[in-house]
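Once you know that position 43 of the sequence shown is 42 in numbering that gives the first Met the number 0, the rest is easy, because the numbers rise by one and skip nothing. Heads up, the thing below is written out as structure tokens.
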Amino acid sequence: MKKEIPSLKALSLQDRDNYHLAQTKADLTFDSLPLFNGKGLGLRIWRRRNIENYLLHPAPIARASGKSEDEIQTFLLEVHSLGIPPTLADFTKTDCSQTLANTDGKEILKKNAKSVEAEFHVSYLDIAKAMNPDEIPDDARTLIGQSMGVYAP
């Protein structure tokens, strides 16, 4: 394809899944992989277990569901043993707590019988739409910034 489109550039993004957090970097690269391989391909991996993890912020879940933040925090703690402090000082940070980074957001938001979706009737998209700019995690900002740099005219 590169022969047909010499200026072709691509970013590949995957969930971290069961790789170790220490194998990822703040620039979303993995192990010793460079930002780009010199051929227009950049491989990226989320620092958190999966993309859904970035939507576990209680405030947007509360706004999307019409519930209070306290109700959401209590639910996350009592049903999923996920304690997210009210200050959420490190929720958006690329170096958030390892417990948060390793949490399976897919399970909590959708797959579990007692998921956020099942209990509060909100989808991934509802939560994302309810996020304020300051609630968008640094990793998403990094990816968007890299994408803008790669694909800018």
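Every residue gets a Cβ at the ideal spot worked out from N, C-alpha and C, and that includes glycine. Only a predicted model underlies this, so the values are computations on that prediction, with no experimental measurement involved.
Ranking L55, L12, M130 by CA distance to the CA of N101 puts L55 first. Collapsing the DSSP output to three states places I143 in a helix.
When Q13, F29, R47 are compared, the shortest CA-CA separation from P136 is found for R47. Straight-line spacing of the CA atoms in N131 and I107 works out to 21 angstroms.
For the options K8, N52, L7, the alpha carbon positioned closest to that of R15 is the one of N52.
Of the residues A112, D138, T141, K128, the one whose Cα lies closest to the Cα of S64 is K128.
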